[in-house]
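Structure first, commentary second.
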Amino acid sequence: MFESVAKTLLRECETKTRLMSFYIDCDRSKRSAKEILIDLKNLQKKAIEEGANFYADTRYSERISSIFNDLGEKLVHGGLGEAKGIACFADLEGDYYRFIELPVSVENLVKFSDHPFLAPLIEALYPHRLTLVAVVEARRATFYRVFASAIDKLLTLEEDVPPKVKSAGWYGLEETRIKRHVEDHVKRHLKNVAATLRALYDDDDYSLVLIGGNANYALVVADLVGEILADTPVEVCSKLGITDQVRIILEAVTDHAIKSFVESSSKLVQSIITEYEKGGMAIAGLRGVIRASNLYAIHQLVIDEYRMIGGKRCGSCGALGVDEDACPLCHGAMEVVDDLIDLLVCGTLRNDGDVIVIGGQSPLREYDGIGASLRFAI
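The numbers in the sequence shown follow my numbering, run straight up by one, and end at 390.
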């Protein structure tokens with residue numbers, strides 16, 4: 013899901029050369045709406061000043077102000093759901109701009125370039141997968157579509173009490189008959205929940221099915237659905253209890269996603285380092301990754317923690333370098349650039365590679381904090 017967001021942004025901005033990217037922290041659990049709006053105004057002022065310096069032109073100030081004012085209106089009127097951060101990408105010479113809601117707080121920043129600044133977006137969204145969620149109870153189940161801070165209630169399934177039990181009353185039957193009726197009822201209900209999940213799964217490109225609610229019933233449904241969906245993970249979320257509160261559901265799903273991401277990214281980093289050290293299909297360290305990027309060899313770029321690193325770029329072919337005076341590919345003149353990591357991110361995505369920003373230190377820190385798995389040996 014993240015990949016489609018980032019690559020769609022790149023495609024949409026391909027012909028736009030005067031782009032503004034900015035990120036704003038709008039976590040209302042930590043600060044008031046008034047404090048967030050003050051930050052937004054300060055970032056707007058910074059954007060106008062930096063935009064004028066970057067483009068040596070003040071004519072974009074009105075366009076920048078209108079974008080920030082639009083976001084301010086959304087914040088005031090609660091139009092951003094449960095988002096804790098916002099990313100915005102805008103063409104200063106046209107009508108195009110997009111707000112993307114983020115599930116985590118972000119650093120307030122603004123950047124001007126000929127491409128969208130994606131590293132903070134990747135860090136915020138990558139752990140999250142488009143998830144089909146079911147909250148299961150004895151006679152009821154509610155289904156949700158969740159991605160990052162966006163949640164949509166799909167439907168509620170309710171099972172009626174069997175007629176014999178209803179007419180006699182729960183305590184009007186013998187104990188064994190009550191137990192049998194209840195067990196039969198619950199079994200039918202859980203099978204219906206599994207069948208409903210299967211039908212909903214076909215409606216979208218889900219990467220995960222997550223089941224919560226009653227712990228025992230969730231396990232049964234997970235087993236039933238897992239037998240049907242062989243290619244998609246079906247997991248029980250222990251923190252997702254019986255609730256219909258959007259905030260609680262989002263927090264449980266986000267917590268589950270972050271824990272899964274920490275485990276998977278740790279394994280990925282270790283596999284890259286192991287493969288690199290034995291001379292296999294991986295590379296580590298800034299110079300090696302740049303070389304791989306110039307050769308279009310990167311399959312998956314991994315950055316432990318984004319930080320701006322200056323370097324060089326060829327004015328003729330666009331190849332990157334660290335401190336070279338001549339291009340390593342065409343021997344043309346190299347120009348100074350202020351952010352090699354940003355260029356590596358966009359270059360990898362444009363070449364149909366994958367990018368992960370872990371958001372914290374990892375064993376890759378011994379290799380400049382960057383590594384990659386490769387499409388072919390270099």
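Note that the Cβ used here is the ideal one computed from N, Cα and C, for glycine as well.
Here the structure is a predicted model, which is why all the values come from computation and not from measurement.
- Message: Quick check on the burial criterion: 16 or more other C-beta atoms within 10 angstroms. Buried or exposed for G217?
- Response: According to the sequence provided, residue 217 is Asp. The question's Gly does not apply to it. So D217 ends up on the exposed side.
Query raised in the report: Ordered along the chain, which non-local residues of its own chain (more than five positions away) have a Cβ less than 6 angstroms from that of L252?
Result: The beta carbon of L252 sits closer than 6 angstroms to those of G224, A264, all from its chain and outside the five residues before and after it, given in chain order.
So, for A59: in the same chain, excluding its five sequence neighbours on each side, which residues have a beta-carbon less than 8 angstroms away from its beta-carbon? Cβ neighbours of A59 beyond the five flanking positions: M32, F34, I76, F80, V122.
Helix, strand or coil for S44, going by three-state DSSP, please let me know.
S44 falls in the coil class under three-state DSSP.
When you compare only the Cα positions, how much space is there between G24 and Q282? The displayed chain sequence assigns Glu, not Gly, to residue 24. Cα to Cα, E24 sits roughly 35 angstroms from Q282.
Check your understanding: Should L352 be listed as close to the ligand ATP, given that the test is whether its C-beta is under 7 angstroms from any heavy atom?
Key -> Of the ligands one can find in the structure shown there are none, so the ligand ATP has no counterpart to examine.
In angstroms with no decimal places, state the Cα-to-Cα distance between K86 and I134. Rounded to whole angstroms, K86 to I134 spans 23 angstroms at the Cα level.
The alpha helix (DSSP H) that contains Q312, what's its start and end? It is not in any alpha helix (DSSP H) - Q312 instead sits in the beta strand (DSSP E) that spans 310–315.
- Rounded C-alpha distance that separates R362 from L22: Near 7 angstroms, if we compare the C-alpha coordinates of L22 and R362.
| said: Buried or exposed for L167, going by 16 or more other Cβ atoms inside 10 Å? | reply: Exposed, by the Cβ-count rule.
Stretch pair the segment 332–347 + the segment 96–108: three plus CB contacts closer than 8 angstroms:
The answer is no - the segment 96–108 does not touch the segment 332–347, with fewer than three Cβ pairs under 8 angstroms.
Q312 and I368 closer than 8 angstroms at C-beta:
Using a Cβ distance threshold of 8 angstroms, Q312 and I368 count as a contacting pair.
Review point. Between which two residues does the alpha helix (DSSP H) harbouring A136 extend?
Key: Here the alpha helix (DSSP H) through A136 covers 131–137.
Whole beta strand (DSSP E) elements within the segment 90–125, 3-residue minimum:
Fully contained in the segment 90–125 are the following beta strand (DSSP E) runs of length 3 or more, in chain order: 97–103, 109–114, 121–125.
- Run through the segment 298–359 for me and flag every whole beta strand (DSSP E) of 3 or more residues, listed as ranges in chain order. DSSP assignment within the segment 298–359 yields the following whole beta strand (DSSP E) runs of 3 residues or more, N-terminal first: 310–315, 323–326, 346–349.
Using only the alpha-carbon positions, how far apart do C38 and L298 sit? Spanning the two alpha carbons is a distance of roughly 33 angstroms.
Do Y72 and G84 count as a contact pair if the criterion is CB distance below 8 angstroms? No, they are not a contact pair.
query = CB-CB under 8 angstroms to E149, same chain, minus the five flanking residues each way: which ones, in chain order?
reply = Answer for E149: G225, N226, Y229, I254, listed in chain order.
field: Pairwise C-alpha distance: A345 and R141
entry: The alpha-carbon separation between R141 and A345 amounts to approximately 42 angstroms.
Query - Beta-carbon proximity of P132 to A269, cut-off 8 angstroms - result: Result no, Cβ atoms of P132 and A269 do not sit closer than 8 angstroms.
If V349 sits next to R325, beta carbons under 8 angstroms apart, how far is it from one beta carbon to the other, in whole angstroms?
The Cβ separation is near 5 angstroms, so the contact holds.
Does DSSP classify F388 as helix, strand or coil? If DSSP states are grouped into helix, strand and coil, F388 belongs with coil.
| task | State the Cα-Cα distance for the pair L144 and L209, rounded to the nearest angstrom. | result | Roughly 8 angstroms separates the two Cα atoms.
Worksheet item: Can you find at least 3 beta carbon pairs, one from the segment 37–57 and one from the segment 381–388, that sit closer than 8 angstroms?
Response: At 8 angstroms Cβ cutoff, the stretches do not touch.
Among H127, D364, S125, I163, the one whose alpha carbon lies nearest that of V258: Closest by alpha carbon: I163.
Of the choices I48, H343, L332, G365, whose alpha-carbon is the least far from that of D351? Taking each of I48, H343, L332, G365 in turn and checking the Cα distance to D351, the smallest one comes out for L332.
Tell me, which residues are paired with S16 by DSSP?
DSSP lists no partner for S16.
Between K176 and V233, what straight-line distance do the alpha-carbon atoms span, to the nearest angstrom?
Caution applies to K176, whose pLDDT of 45 falls short of 50 and renders its modelled position unreliable; the value that the coordinates give is listed next. For K176 and V233, the distance between alpha carbons rounds to 26 angstroms.
Point to revise | Coil, strand or helix - T208 by DSSP | key: Note: T208 maps to helix in three-state DSSP.
Worksheet item: Should Q56 go down as buried or exposed, given a rule of 16 or more other Cβ atoms within 10 Å for buried?
Response: Label assigned to Q56: buried.
- What's the gap between the Cα of D380 and the Cα of S125? D380 and S125 have their alpha carbons spaced roughly 24 angstroms apart.
**Message:** Taking only three categories from DSSP, how would you classify S78?
**Reply:** Here DSSP, grouped into helix, strand and coil, assigns S78 to helix.
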